[in-house]
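Working notes, beginning with the structure itself.
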Amino acid sequence: MERLDKILANTGRWSRKEAAELIKAGRVTVDGLPALRREDKYPETAQFRVDGEAVSGERLVYLMLNKPAGLVSATDDLREKTVLSLLPEHLRRVGLFPAGRLDKDTVGLLLLTNDGELSHALLSPARHVDKTYLVRVDGVLDEADEDAFREGMELRDGLHCLPAELERRGPGEALVTLREGKYHQVKRMCAARGKPVTFLKRQSFGPLTLDEGLAPGQWRPLTEEEEAALRRAAGRV
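3 is the number of the first residue of the sequence shown in the working numbering; add one for each residue after it.
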């Protein structure tokens, strides 16, 4: 049993103060009845609604972040600011972590969640969840580069890369789709072709596509449809 304001705050959509204001305004129902007090306790399996919209009482949170450059994809770091520094305090207390990492200078889509099982499934090498990046390089991309990505590459350091897609968008720009997520993989594959990366932005991760309405550093909760699509991609239907 948990306090109602805490249950609502645990969804990641409201702070405790905002949840209390929703309850006071009569906008919250529990099992079809109006909620009267923020301190009333309920099981997380109860049916919660805010303005008629169903809200899960579970503590699992899923956020889409448009990661800016200059932050590390970690929960804490002694020397660098992390992506969690972009979140309000109440969300930094629910155990969120990045599902996968983006380099410090890489921008774009980053999933933040406290659902370890789903994150593990999405990142499992056996599942081959696609990740698409906008990449700009120093040099001119050509058909030979497309062929090299499509055939799979073995780098000089012994890293074997699965077949990937490189779709040219301009002389030095392309969309790259990977089915794995090895360390610095896009940068290392482009460098192996003699065309070092100058800009890298993740556009999609599995069924999730970056919401271009999010400015760098902004975030939002996933929609119910996006959460369902992630669960399907992770084999958790």
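Backbone N, C-alpha and C fix where the C-beta goes; we use that ideal spot for every residue, glycine too.
As the structure is a prediction and not an experimental result, all values here were calculated from the model.
Rounding to the nearest angstrom, what Cα-Cα distance links T31 and G54 in this structure? 8 Å
With distances taken Cα to Cα, identify the nearest neighbour of E226 among L35, M66 and A101. M66
Confirm, please, whether the CB-CB distance from S121 to A150 is below 8 Å. no
Considering only their Cβ atoms, is the gap separating D132 from H186 smaller than 8 Å? no
The alpha helix (DSSP H) with E167 in it runs from where to where? It is not in any alpha helix (DSSP H) - E167 instead sits in the beta strand (DSSP E) that spans E167 to G172.
Which residues mark the beginning and the end of the alpha helix (DSSP H) in which A21 is found? R18 to K26
Same chain only: Cβ atoms within 6 Å of R170, ignoring 5 sequence neighbours per side: L143 and A176
Closer than 6 Å by C-beta to T211: which residues in its own chain qualify, once you throw out the five before and the five after it? Chain order, please. none
Hey, how far is the Cα of G97 from the Cα of L113? 13 Å
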